[in-house]
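Residue numbers (this note's numbering): 81 to 381. Worksheet for the structure shown next.
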Amino acid sequence: MNNLPSTVSIIPVPFDRGATRRGAGQGPDAIFGAGLKRKLDALGVTYQVDDLAALPERKDEAHHPRLNHLTEVITMNEQLAARVSALAEAGTFPLVLGGDHSIAIGTLAGLTRHYRNLGVIWIDAHSDLNTPNTTPTGNIHGMSLAVSLGRGDRRLTSIGGVKSTIKPGHVVLIGARSLDQGERDFIRREGIACFTMQDIDRMGMFRVMEEAIRISSTGTDGVHLSFDIDSVDPKIAPGTGTPVQGGLSYREAHLAMEMLSESGILTSAEFVENNPLLDRGQKTSRLLVGLIGSMLGESIL
């Protein structure tokens with residue numbers, strides 16, 4: 081049984097300027113096209129779709145060394161932060177559909193206006209803990225968790241105005257298998273709980289999720305799930321611009337969602353980096369619909 085709020089507010093964010101490859105901006109439509117509303121209706125979930133206002137088509141003419149498309153990322157995330165904050169205050173469950181992982185900056189900025197001690201479960205092949213000083217690409221989707229921890233460029237860390245800062249001890253990384261050196265150093269220095277694919281191989285997904293649920297819900301007043309589809313093995317989820325071999329299996333991903341549902345700890349979630357331009361048919365989008373269903377209480381029996 082889960083104890084999610086009575087209403088889920090779905091926020092599609094068709095944005096992909098935080099990444100190198102275009103296409104994740106079409107991710108939300110692809111998830112809807114793969115049957116998300118039918119899934120929620122079948123589960124009896126009360127939901128509303130809360131579209132953001134259309135962002136102006138604009139090119140970032142300014143040069144921001146090691147911060148690609150900075151102006152566009154800031155504009156989008158300011159708008160998202162305001163929307164997520166309002167929905168959290170209203171008591172609904174914000175469900176953000178990306179879009180690339182730079183949108184987590186706005187999601188978390190909005191949530192931390194409402195939650196003073198937010199826990200975060202970050203399921204991703206990467207940790208997204210780079211800063212302008214450590215990034216190998218300048219792509220902001222690789223900096224989103226760092227920004228939410230108060231690290232990096234002030235123009236990003238100030239998005240959303242006055243808010244609390246997420247504490248490293250309240251963050252759990254799951255599925256990591258591609259970390260840059262600066263990220264490794266930060267994880268070790270701050271003692272962030274990081275369950276790599278090697279840990280999952282050794283411990284099993286059940287024990288990893290038990291620990292993740294315990295850590296993220298201890299001393300926190302809410303828990304956010306940030307799920308990057310590249311956490312799943314690309315043989316199962318080919319539709320992503322940042323694939324890394326050796327990821328979660330189909331059942332490991334579903335078990336994670338089922339255990340989060342049963343725990344009742346989640347107060348918000350986002351699913352990102354679905355790129356239908358790279359997908360095979362609707363394989364990845366259909367998987368995401370199923371994973372969202374499992375998170376919201378769908379079970380085998």
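All C-beta atoms, glycine included, are put in the ideal place defined by N, C-alpha and C.
Helix, strand or coil at residue i according to DSSP, with G and I counted as helix
| i | result |
| --- | --- |
| L120 | helix |
| H304 | strand |
| Y195 | coil |
| N82 | Only weak support exists for where N82 lies, its pLDDT of 48 falling under 50; the value from the coordinates is given anyway. Note: N82 maps to coil in three-state DSSP. |
| A189 | helix |
| G178 | strand |
| I380 | coil |
| Q128 | strand |
| G361 | coil |
| I239 | coil |
| G324 | Checking the sequence shown, residue 324 turns out to be Val, not Gly. In the structure shown, V324 sits in coil (DSSP, three-state: anything other than H, G, I, E or B). |
| I316 | coil |
| A349 | strand |
| A292 | helix |
| I246 | coil |
| R366 | helix |
Start and end residues, beta strand (DSSP E) containing residue i
| i | result |
| --- | --- |
| P92 | 87 to 93 |
| V252 | 251 to 256 |
| A273 | 273 to 276 |
Residue i and residue j closer than 9 Å at C-beta
| i | j | result |
| --- | --- | --- |
| L160 | G186 | yes |
| G222 | H181 | yes |
| E353 | G179 | yes |
| G98 | I220 | yes |
| L367 | A336 | no |
| G255 | I280 | yes |
| L175 | A292 | no |
| A273 | L305 | no |
| A189 | N157 | yes |
| I345 | R235 | no |
| L191 | V227 | no |
| G326 | M283 | no |
| L177 | I309 | no |
| F275 | M339 | no |
Test: residue i CB closer than 9 Å to a CB of chain B
| i | result |
| --- | --- |
| I316 | The chain inventory of the structure shown lacks chain B, comprising one protein chain alone. |
Bounding residues of the alpha helix (DSSP H) (the contiguous stretch that carries residue i)
| i | result |
| --- | --- |
| S341 | 330 to 343 |
| G113 | 107 to 113 |
| T155 | 150 to 169 |
| D96 | Where D96 is concerned, there is no enclosing alpha helix (DSSP H), given that its DSSP letter is neither H nor E. |
| D208 | Careful: D208 lies outside any alpha helix (DSSP H) and carries neither H nor E. |
| S224 | 224 to 228 |
| G299 | Neither: G299 is in no alpha helix (DSSP H) and is coded neither H nor E. |
| G262 | 261 to 270 |
Expected contact under 8 Å - CB spacing of residue i and residue j to nearest Å
| i | j | result |
| --- | --- | --- |
| L391 | S311 | Because the chain spans 81 through 381 in this model, residue 391 falls outside it and cannot be assessed. |
| T172 | V88 | 7 Å |
| A166 | S224 | That pair is no contact at about 21 Å. |
| I203 | S296 | Incorrect: roughly 11 Å between the Cβ atoms, too far for contact. |
| P92 | D121 | Not confirmed; about 17 Å, so no contact. |
| G115 | P356 | Their Cβ separation, rounded to whole angstroms, is 14 Å, which puts G115 and P356 out of contact at 8 Å. |
| A205 | R257 | 5 Å |
Residue i: CB within 8 Å of a non-hydrogen atom of the ligand FMN
| i | result |
| --- | --- |
| S238 | Only the bare structure without any ligand can be found here, which leaves the ligand FMN out of the picture. |
The stretch 188 to 208 contacting the stretch 105 to 120, beta-carbon criterion three pairs below 8 Å = no
Could you tell me whether the stretch 242 to 258 touches the stretch 291 to 306, where touching means 3 or more Cβ pairs closer than 8 Å?
-> yes
Quick check: the stretch 315 to 329 against the stretch 354 to 373, are there 3 or more CB pairs under 8 Å?
-> yes
Kindly confirm or deny that the stretch 226 to 238 and the stretch 197 to 214 touch, where touching means at least three C-beta pairs closer than 8 Å.
-> yes
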